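Only one structure is covered here, and it is reproduced in the block below.
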Amino acid sequence: MSSSSNLQLTKDGELRHFLTPEGLDRLMLERILDTADSFVVVGNQEIKKVPLLRGRTVVNLFFENSTRTRSTFELAAKRLSADVLTLDIKTSATSKGESLLDTLQNLRAMHSDMFVVRHSDSGAAHFIAEQVTPNVAIINAGDGRHAHPTQAMLDMLTIRRHKGHFEPLSVAIVGDISHSRVARDQIHALKILGCKDIRLVGPNTLMPQGIENMGVSTHNNMDSGISGTDVIIMLRLQTERMASAFLPSAGEYFRLYGLTTARLAQAKPDAIVMHPGPINRGIEIESAVADGPQSMILNQVGYGIALRMAVMSMAMSGQMQQRQAQANQTSSLSGEKKA
Amino acid sequence: MKIMIRGARLLDPNQALDRVADVLIKDGVIDTIGDLSNTSIDTQVDIQVDAKGMILSPSFVDLNTCLRDLNQIQKGTIASETHAAASAGFTHLCPSPDTQPCSDSSSVISLIKSKVEGAGFCDILPVAALTKGLKGAALSNMESLSGAGCMGFSNAGYDISDNTVLLRCYEYAATFGLKVLVQAQDEKLGSGHMHAGPTATRMGLDGIPVIAETLSISRHLELMQHTGVEGHFNQLSSAKGVALIRQAKAQGIKVTADAGIAHLCFTDAKIEGYCSQYHVQPPLREELDRKALVAGIKDGTIDAICSAHQPHESAAKCAPFAATASGMAVYDMLVPLMQILVDAGELTWMHAIQALSTNSASIAKHKASSLAVGNSANLTLIDPNHHWILNEVTKISQGTNQALASQTLKARVKLTIKQGLISYAL
């Protein structure tokens with residue numbers, strides 16, 4: 001089991017960082033989904049704010065470009081009434097030669113309560129939570145090709161809201177599994193929530209070695225891979241994969257693995273289609289499918305804010321409990337000394 | 340100087356020696372071996388050690404180590420790292436040429452040698468760069484460097500992708516009967532950060548597949564066979580790599596190989612949680628690979644065990660995994676790691692000494708030390724039952740990248756003797 005699980009929880013089993021669903025139990029993931037469900041309503045209210053993070057400082061640390069994830073995190077923090085600072089680190093401190101460690105220590109000195117971190121290195125959020133800022137809640141907004149837990153969980157929220165229970169579902173994840181941090185966390189979350197049939201579809205060049213050990217089946221053929229499935233998750237294909245010899249061309253990829261209306265007919269009639277976005281129309285998905293009735297792509301975006309509000313409020317609450325426990329311990333120790 | 344070591348278990352694979360006896364060292368050589376309990380020599384010796392329960396063997400020769408220094412004193416100095424080597428039982432070291440500046444000229448070699456001599460802990464049999472600047476383009480002055488005392492030539496961790504250059508390197512080395520040492524890993528396939536397998540996939544780290552090693556071994560073996568150059572492979576990491584060496588030896592190719600102690604003891608599972616202390620090159624692989632390496636030592640396919648010691652400062656390991664430097668500071672852990680293998684019944688101390696001393700000396704073209712009367716006294720005394728904690732106080736290497744830091748370890752070197760003089764004493 002990943003050592004992340006210990007890192008993510010307080011002694012009492014409450015969430016204090018959210019780095020990956022791996023190692024968390026079903027109860028915790030269901031609590032995240034339940035909390036997110038309650039926040040979906042907030043977005044529909046006239047006044048969209050709740051005071052859960054009032055007086056707390058949330059710093060968005062984006063070491064890698066992102067528009068959509070960054071803006072949904074910012075919106076989520078604001079709806080929780082937090083003070084939000086968004087730093088595009090790529091163009092600031094680290095380009096002056098400051099190490100990640102030093103950048104973070106400086107930000108910690110500013111009494112931040114939560115860091116939302118996106119970084120191109122796998123394990124970056126884990127590193128920060130473990131070695132740099134044990135008393136700042138870390139929310140992983142994507143680390144290398146390792147994890148993107150809030151995306152995976154908002155996908156779970158989408159599936160649960162539209163399909164109900166996970167146990168009977170067949171889920172296909174199609175495309176660039178190798179470079180996808182989303183796919184890895186989707187697999188962890190689906191397994192933990194009880195899904196038994198998880199199929200990965202793609203050519204061998206995009207299928208990482210030993211992925212079967214995560215309890216999934218692999219399929220090179222799209223038609224048989226998505227046949228009879230309830231959920232099809234399409235992954236974004238980066239155009240640089242063609243230049244680096246993973247694939248010959250976007251055209252050939254679309255012909256073999258693109259989700260078209262005809263292909264979608266292989267899945268169950270009520271199957272839902274998901275995509276973490278941004279989508280490449282005509283490369284991994286046909287417009288008619290992306291905009292069609294089975295598509296959940298825009299619903300996912302809305303759920304993303306609710307889901308992020310949920311994990312931010314839960315991690316902050318866990319972190320506060322831990323700080324209180326530490327403070328109590330310190331005062332009882334100093335009391336003992338006095339006695 | 341006279342040193343008396345009483346009651347140790349003498350192990351010397353050279354002469355299949357395994358017995359308990361007293362050893363008297365006088366004027367740099369082994370003077371007497373036997374039962375000296377009744378002699379009145381005690382009053383005349385400078386140092387007497389009660390070594391009951393300890394193991395006395397010929398001293399160790401390290402075929403792969405990094406001593407840092409020069410432009411890398413933040414990682415270690417020749418004084419600190421040769422001291423650490425002596426504390427691990429080594430008297431002779433073959434430092435890798437990837438120094439800064441790199442060991443491709445007689446002047447750098449003589450600077451390193453003079454610093455090692457000044458420190459006085461070990462002797463060195465340097466490995467020089469195979470190509471100038473380790474750039475894989477132009478041949479180094481191999482014959483001159485050999486004359487300056489270099490035991491062999493290597494391009495360290497820098498793969499020479501141009502077969503024409505590699506062929507000429509080997510032809511030239513063969514002309515003068517020089518040895519080449521290879522760290523076999525294809526540059527492009529080896530660009531990841533850990534072994535390619537389920538763990539790397541789950542953790543989202545770029546993997547280095549086994550074929551990065553096997554393709555490289557096969558290519559080098561072909562060229563070695565073609566040119567007749569004497570070749571040695573440093574730091575094998577995979578079961579398939581061991582099989583290729585076994586096959587080559589069976590075909591009569593002049594080749595030897597070593598494995599690093601870390602690869603004999605650890606697997607990629609240690610990286611779980613992004614533990615950068617286990618970020619090494621070549622990468623730690625799976626249990627079946629580790630077992631094959633141990634089996635290779637046992638059946639002689641792998642001749643030697645090296646330290647692959649690479650000390651780093653703490654900042655080098657304090658970053659997200661992929662951004663950390665590879666390498667482990669091994670000297671402080673080497674004997675305890677060996678003891679773990681012995682206690683697990685995987686190897687015996689006789690295997691260990693054969694691989695750390697007898698065979699590595701022969702590969703380094705150094706006259707192997709032997710526990711025989713009249714021989715120069717290069718000896719290592721190990722207390723296999725000594726329990727200790729590896730920490731800031733007990734460690735000797737300047738490197739802070741000891742994977743087993745803060746742990747209680749078993750076994751420790753009690754005494755290292757180089758040419759009759761004590762180079763390390765606990």
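Residue numbers (our numbering), protein chains in the order written: chain L, 1 to 339; chain W, 340 to 765. For glycine and all other residues, C-beta sits at the position ideal for the given N, C-alpha and C. If you're wondering where the values come from, they're calculated on a predicted model, not measured in any experiment.
Residue i vs residue j beta-carbon contact at 9 Å
i: serine 366 (chain W); j: glycine 713 (chain W); result: The residue you asked about is not serine; residue 366 (chain W) is aspartate in the sequence shown. Against a cut-off of 9 Å, the Cβ pair of glycine 713 (chain W) and aspartate 366 (chain W) comes out as no contact.
i: methionine 667 (chain W); j: aspartate 607 (chain W); result: no
i: alanine 643 (chain W); j: alanine 694 (chain W); result: yes
i: arginine 308 (chain L); j: isoleucine 139 (chain L); result: yes
i: leucine 375 (chain W); j: aspartate 389 (chain W); result: no
i: histidine 770 (chain W); j: arginine 629 (chain W); result: Residue 770 (chain W) cannot be examined here, being either before or after the span of chain W that is shown, 340 to 765.
i: leucine 61 (chain L); j: aspartate 113 (chain L); result: no
i: glutamate 14 (chain L); j: serine 317 (chain L); result: yes
i: isoleucine 448 (chain W); j: alanine 418 (chain W); result: no
i: alanine 310 (chain L); j: threonine 69 (chain L); result: no
i: glutamine 574 (chain W); j: asparagine 403 (chain W); result: yes
i: alanine 703 (chain W); j: threonine 640 (chain W); result: no
i: isoleucine 89 (chain L); j: phenylalanine 63 (chain L); result: yes
i: threonine 430 (chain W); j: leucine 406 (chain W); result: no
Exposure label - residue i; buried when at least 16 CB within 10 Å
i: phenylalanine 166 (chain L); result: buried
i: isoleucine 211 (chain L); result: buried
i: glutamate 252 (chain L); result: exposed
i: asparagine 698 (chain W); result: buried
i: leucine 27 (chain L); result: exposed
i: asparagine 341 (chain L); result: No information on residue 341 (chain L) is available, as it lies outside the stretch 1 to 339 that chain L covers here.
i: methionine 153 (chain L); result: buried
i: aspartate 270 (chain L); result: exposed
i: phenylalanine 18 (chain L); result: buried
i: glutamine 383 (chain W); result: exposed
Residues that residue i contacts on chain W, provided the C-beta gap is smaller than 7 Å
i: arginine 118 (chain L); result: Here the premise fails: no neighbours, minimum Cβ distance about 12 Å.
i: glutamine 131 (chain L); result: Cys657
Close Cβ partners of residue i (< 8 Å) along its chain, the five nearest in sequence each way excluded
i: serine 696 (chain W); result: Pro352, Ser396, Pro397, Ser398, Phe399, Val400, Ala707, Ser708 and Thr719
i: alanine 339 (chain L); result: Since pLDDT at alanine 339 (chain L) reaches only 48, below the 50 mark, its modelled position is unreliable, and the value read off the structure follows with that caveat. Within the same chain, alanine 339 (chain L) has no close Cβ partners at all.
i: isoleucine 297 (chain L); result: Val273, Met274, His275, Gly277, Ile279 and Ala290
i: lysine 163 (chain L); result: Leu169, Asp230, Val231 and Ile272
Neighbouring residues, chain W, relative to residue i (Cβ below 8 Å)
i: proline 422 (chain L); result: Lying outside 1 to 339, the shown extent of chain L, residue 422 (chain L) is not represented and no answer is given.
i: methionine 214 (chain L); result: Pro537, Thr540 and Arg541
i: glycine 123 (chain L); result: Met542, Gly543, Leu544, Tyr613, Pro659, Phe660 and Ala661
i: leucine 100 (chain L); result: Ala658, Pro659 and Ala662
Beta-carbon proximity list for residue i, same chain, < 7 Å, skipping 5 on both sides
i: glycine 302 (chain L); result: Gly43
i: glycine 428 (chain W); result: Ser398, Phe399, Val674, Thr719, Ile721, Val752 and Thr755
i: methionine 1 (chain L); result: Unreliable positioning characterises methionine 1 (chain L) in this predicted model, as indicated by a pLDDT of 41, which lies under 50. The coordinate reading is nonetheless provided below. Gly23.
i: valine 368 (chain W); result: Gly713, Asn714, Ser715, Ala716 and Gly759
i: serine 615 (chain W); result: Lys656, Phe660 and Thr663
i: tryptophan 688 (chain W); result: Leu350, Ile394 and Val681
i: lysine 454 (chain W); result: Asp408 and Ile417
i: serine 122 (chain L); result: Asp143, Gly144, Arg145 and His146
i: glycine 738 (chain W); result: Lys414, Gly415, Pro650, His651 and Ala668
i: phenylalanine 39 (chain L); result: Ala306, Met309 and Ala310
Run of the beta strand (DSSP E) containing residue i, from where it starts to where it stops
i: histidine 726 (chain W); result: 718-728
i: tyrosine 763 (chain W); result: 760-764
i: alanine 347 (chain W); result: 341-351
i: serine 170 (chain L); result: 170-174
i: asparagine 204 (chain L); result: Where asparagine 204 (chain L) is concerned, there is no enclosing beta strand (DSSP E), given that its DSSP letter is neither H nor E.
i: aspartate 831 (chain W); result: Chain W is shown only over 340 to 765; residue 831 (chain W) falls outside these bounds and no answer can be derived.
i: asparagine 44 (chain L); result: Element bounds for asparagine 44 (chain L): not the beta strand (DSSP E) but the alpha helix (DSSP H), 26-44.
Proximal chain L residues relative to residue i, where beta-carbon distance stays under 7 Å
i: threonine 540 (chain W); result: Pro208, Gln209, Gly210 and Ile211
Residues near residue i in its chain [Cβ-Cβ closer than 6 Å; skip 5 each side]
i: serine 3 (chain L); result: For serine 3 (chain L), the predicted model reports a pLDDT of 48, less than 50, meaning its position is unreliable and no value from the coordinates is stated.
i: aspartate 197 (chain L); result: Ser170
i: alanine 77 (chain L); result: Val58 and Val84
i: proline 622 (chain W); result: Met533, His534 and Ile547
i: alanine 344 (chain L); result: This structure cannot settle anything about residue 344 (chain L), because the visible part of chain L is limited to 1 through 339.
Amino acids of chain L, ordered along the chain, whose beta-carbon sits closer than 8 Å to that of residue i
i: isoleucine 548 (chain W); result: Here the sequence assigns proline to residue 548 (chain W), which means isoleucine is not the residue at that position. The contacting residues are Gln209.
Residue span of the alpha helix (DSSP H) that contains residue i, given as start and end
i: arginine 118 (chain L); result: Premise fails: arginine 118 (chain L) lies in the beta strand (DSSP E), 114-119, not in any alpha helix (DSSP H).
i: cysteine 508 (chain W); result: 502-514
i: glutamate 626 (chain W); result: 626-638
i: valine 59 (chain L); result: Where valine 59 (chain L) is concerned, there is no enclosing alpha helix (DSSP H), although the beta strand (DSSP E) it sits in stretches over 57-62.
i: alanine 267 (chain L); result: Counting along the chain, alanine 267 (chain L) falls outside any alpha helix (DSSP H), and DSSP gives it neither H nor E.
Amino acids of chain W, ordered along the chain, whose beta-carbon sits closer than 9 Å to that of residue i
i: alanine 327 (chain L); result: What alanine 327 (chain L) touches in chain W: nothing, since even the nearest Cβ is about 27 Å away.
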